[in-house]
Structure formats: C-alpha cells, structure tokens
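Per the working numbering, the very first residue in the sequence shown carries number 69; after that it's consecutive.
Cβ atoms here follow ideal geometry from the backbone N, Cα and C, with glycine treated the same way.
For reference, the structure discussed in these notes is given below.
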Amino acid sequence: MIYQHRFADGSLVNLPMGKVVCVGRNYAEHARELNNPVPTEPLLFIKPATAVVDMAEPLVLPAGRGAVHYETEIAVLIGETLSGSVSDTEAQAAILGVGMALDLTLRELQDDLKSKAHPWERAKAFDGACPLSMFVRREQAGDLTALPVQLRVNGELRQDGSSADMLTPIVTLLRHIAPVFSLLPGDVVITGTPKGVGPLNSGDALSVSIPGLLSQVTHVV
Ligand code: ZN
Numbered sequence: 069m070i071y072q073h074r075f076a077d078g079s080l081v082n083l084p085m086g087k088v089v090c091v092g093r094n095y096a097e098h099a100r101e102l103n104n105p106v107p108t109e110p111l112l113f114i115k116p117a118t119a120v121v122d123m124a125e126p127l128v129l130p131a132g133r134g135a136v137h138y139e140t141e142i143a144v145l146i147g148e149t150l151s152g153s154v155s156d157t158e159a160q161a162a163i164l165g166v167g168m169a170l171d172l173t174l175r176e177l178q179d180d181l182k183s184k185a186h187p188w189e190r191a192k193a194f195d196g197a198c199p200l201s202m203f204v205r206r207e208q209a210g211d212l213t214a215l216p217v218q219l220r221v222n223g224e225l226r227q228d229g230s231s232a233d234m235l236t237p238i239v240t241l242l243r244h245i246a247p248v249f250s251l252l253p254g255d256v257v258i259t260g261t262p263k264g265v266g267p268l269n270s271g272d273a274l275s276v277s278i279p280g281l282l283s284q285v286t287h288v289v
C-alpha cells in the first residue's frame, strides 16, 4: 500500500512523502548501550521515501540478512521549507506535526558496514525500514522538550524515554539540519532512540506511544 501522511484524526495530510532525515546517538544512554562514543554534534543520515511504510500495517522484515532491531523515535513532520541558516522561530513554525517512527536497523549488517567504514544505507534505508505513525498537529503536541516515548513488545516495556534526554533538542536539530539538507514540506525528521533497543521476531506485537498524545499497535509478520 502506498504510504501517505495522516493526522491522528485520520485525515490526510496534503503533502508528499519526502525524505526522512535521521539523527543517530541523540540519547547518551543509547550511544553507550551500543558502545558508541557520544557525538559532539548531531550524527545525520537519510532514509529515502521508499523506506517509509505505515506503522499500522503489519511489519514485513527483510529475511536472511541477520537481526532486525527496533529503535523507537519521535518523528517530526515538516510543513514549510527550512533551508540554510534558520532561526528558532522559523524552525518552530515549520513543524506541522509530531508522530512516532521505528528506525528499523539490520544490526549485524550495520556492525559489519561500520567496521569497514562503509555507509549505513544497506542496514537502515532498505524498503520498509521506516514505519511511521499518524501525526498529532503541532499545536496539540505541547512542549517538544518534554515528550515521553515508549515501546512495548508483547506487553513488556522495552523503551521508556523522553525528549528531555535528547543531547540535541528538536528545534536545535532542525536548525542544524537545514544548512546541510534542505527540509521540504512532507519531509520527516526522526530524532534518535532512547536506550533499550533490541531484535524483533516474527509474530511480535508492538505498542508504540507518546503517552497522553498518540499510540499505535502493530505486529511483525
Ligand atoms: Zn535511530
């Protein structure tokens, strides 16, 4: 099924699915759990539109390429162009909605690519690597520096984070990204995962939420 952005009330967002700009290691405890250094500036990578699927649909994982890890992340839907040097006010105003993403990662392949100093795309940008939820409108999302985010797998709480613990907060991330990768209406920024990442298995039931704001259940085929 072709992915289209939707608001939490089910209405369609009249914007194309663009690229997904992703931030790695934006929570110190997650960097440590994978024995990675805590970066001194945001670590950026991109998933193409072809990686995006609707989180409400069953998750189809790549077969025969090793462990697929979940990373639960707060997703920001961009509503206005941000390019070059932008102010806090401009970055704030460009946020159309807030939702949730799974940054699916072929972890063994990523470790192999990292060891060879090769790009990560094969491990993180494959078809289906970015399930996205619906989006709450910006004005309903409240304080972006205190958004909780949780993942339960088969009822067990695996990830329990807050945007308060981001090394680089959301608006600052947008200001950092815009001079490097112009953000266009319909693009999405996914903002890093809290600790607790792990593998997905066939049949797993997932419940992803920003408690009080948004929740989505899905499962692995
Ligand atoms: Zn991630």
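Cβ-Cβ separation, residue j to residue i (assumed contact under 8 Å), whole Å
{"i": "Q290", "j": "P262", "result": "Nothing can be reported for residue 290, as the shown portion of the chain is limited to 69 through 289."}
{"i": "S277", "j": "Q208", "result": "With 8 Å as the limit, S277 and Q208 do not qualify as a contact, their Cβ atoms being about 15 Å apart."}
{"i": "G260", "j": "R93", "result": "7 Å"}
{"i": "C198", "j": "V120", "result": "5 Å"}
{"i": "H137", "j": "V285", "result": "No, H137 and V285 are not in contact; Cβ-Cβ is about 19 Å, not under 8 Å."}
{"i": "G165", "j": "R206", "result": "6 Å"}
{"i": "R100", "j": "V154", "result": "Not confirmed; about 31 Å, so no contact."}
{"i": "L83", "j": "H73", "result": "6 Å"}
{"i": "V257", "j": "D156", "result": "15 Å between Cβ atoms; not a contact."}
{"i": "A232", "j": "A214", "result": "5 Å"}
Under 8 Å between C-beta atoms of residue i and residue j
{"i": "L200", "j": "A143", "result": "yes"}
{"i": "P237", "j": "I146", "result": "no"}
{"i": "E189", "j": "A169", "result": "no"}
{"i": "V288", "j": "S275", "result": "no"}
{"i": "L150", "j": "A159", "result": "yes"}
{"i": "A191", "j": "P116", "result": "no"}
{"i": "V290", "j": "D255", "result": "Given a span of 69 to 289 for the chain in the structure shown, any question on residue 290 remains unanswerable."}
{"i": "L235", "j": "A96", "result": "yes"}
{"i": "S230", "j": "P247", "result": "no"}
{"i": "P105", "j": "L241", "result": "no"}
{"i": "F75", "j": "F203", "result": "yes"}
{"i": "L177", "j": "G134", "result": "yes"}
{"i": "A161", "j": "L251", "result": "no"}
Assigned exposure category for residue i - 16 Cβ within 10 Å defines buried
{"i": "L80", "result": "exposed"}
{"i": "T108", "result": "exposed"}
{"i": "K87", "result": "buried"}
{"i": "E139", "result": "buried"}
{"i": "P279", "result": "exposed"}
{"i": "A273", "result": "exposed"}
{"i": "L282", "result": "buried"}
{"i": "L225", "result": "exposed"}
{"i": "I70", "result": "exposed"}
{"i": "G167", "result": "buried"}
{"i": "V128", "result": "exposed"}
Residue i: CB within 7 Å of a non-hydrogen atom of the ligand ATP
{"i": "H73", "result": "Ligands present in the displayed structure are limited to the ligand ZN, and the ligand ATP is not among them."}
- Which residues count as close to the ligand ZN when the rule is a CB under 5 Å from any of its heavy atoms, in chain order? E139, D171 and T261
- Message: Suppose only complete runs of 4+ residues qualify. What are the alpha helix (DSSP H) ranges in the segment 131-189, listed by chain order?
- Response: 156-161 and 175-183
- Message: Threshold first: 3 residues or longer. Then list the beta strand (DSSP E) segments lying entirely within the segment 233-274, N to C.
- Response: 256-258
- Could you give the uninterrupted runs of the alpha helix (DSSP H) lying entirely in the segment 188-234, keeping only those of 4 residues or more? 189-192 and 206-209
- Message: So within the segment 82-122, which uninterrupted alpha helix (DSSP H) runs reach at least 4 residues, ignoring any that extend past its ends?
- Response: 96-101
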